[in-house]
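Notes follow once the structure below has been shown.
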Amino acid sequence: MHRSLKGFFLCLSLFPLIHCGVPSGEFGWATSDSQKLSILEREIQTITDYKMMRDGLIFSPKDTIHYVYQFSRNPGLESDFYISLNRYELDFVEIDIKRKRVEPDSLAIRESYTGLRAGEYLMKVVHEGDVVDEVKFHVLPEEGYTEDTIEQELASEQEDEIIKYSR
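The opening position of the sequence shown corresponds to residue 138 in this note's numbering, with each subsequent residue numbered one higher.
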């Protein structure tokens with residue numbers, strides 16, 4: 138009996154060391170102004186410095202937004218991850234989804250977005266239908282938000298001509 142209790146406690150002490158599931162990670166961000174670059178420069182541009190953060194993210198519509206999702210440990214190099222970009226309308230609506238694999242040398246996923254309209258966004262990292270992580274960010278116009286800016290944006294999104302021009 139004493140020996141089995143020892144074995145039980147040994148297993149219990151090793152339990153926290155066992156890693157199951159997909160590891161969490163951290164988001165990193167960088168921006169560039171792709172309007173100033175030639176097509177060739179855009180293709181060969183390599184971003185190496187990312188600011189690791191997830192709160193208070195604000196970008197400009199002119200920015201090319203580069204992100205990295207750095208895993209805390211190896212999630213499996215053959216695993217497919219999906220990066221879902223959602224824009225807030227009345228609720229978050231998916232506007233882009235990309236299938237990505239982890240880079241073997243860095244254990245990270247990298248991608249960029251360009252030409253995002255002003256608004257609130259939600260980015261999700263998904264593995265086998267489960268959300269591994271998510272982060273919210275805002276794209277604000279250069280001049281900031283004013284009542285006129287909001288009205289113009291709402292009017293431009295309207296399909297109905299009567300509603301569009303009655304604002």
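Every residue, glycine too, gets a C-beta built ideally from N, C-alpha and C.
Just so it is clear, the structure is predicted and the values come from calculations on it, not from any experiment.
- For E257, the enclosing beta strand (DSSP E) begins and ends at 256 to 264.
- Per DSSP, the unbroken beta strand (DSSP E) holding N223 starts and ends at 217 to 225.
- Between K235 and I220 the beta-carbon gap is near 5 Å, inside 8 Å, which marks them as a contact.
- Per DSSP, reduced to three states, the secondary structure at T183 is coil, with no helix or strand assignment.
- In the three-state scheme derived from DSSP, where H, G and I count as helix and E and B as strand, S249 is classed as strand.
- In the DSSP assignment, R210 forms no beta bridge with any residue.
- G193 sits in coil when the DSSP states are folded into three classes, being neither helix nor strand.
- According to DSSP, K188 shares a beta bridge with W166.
- The three-state reading of DSSP puts E279 in coil, since its state is none of H, G, I, E or B.
- Sequence-distant partners of R247 (beyond 5 residues in either direction) whose C-beta falls short of 6 Å from its own C-beta, in its chain, are V205.
- Each residue's CA atom was taken as its position, placing F208 and H275 some 24 Å apart.
- Per DSSP, the unbroken beta strand (DSSP E) holding V230 starts and ends at 229 to 238.
- In this structure, V269 and S197 do not form a Cβ contact; the two beta carbons are roughly 28 Å apart against a cut-off of 8 Å.
- A check of alpha carbon separations from M260 across D170, Y225, A245 identifies Y225 as the nearest.
- In this structure, the CA atom of E163 is about 17 Å from the CA atom of Y258.
- Residues of the same chain with a CB within less than 7 Å of the CB of G256, apart from the 5 flanking positions on each side, are R224, Y225, V276 in chain order.
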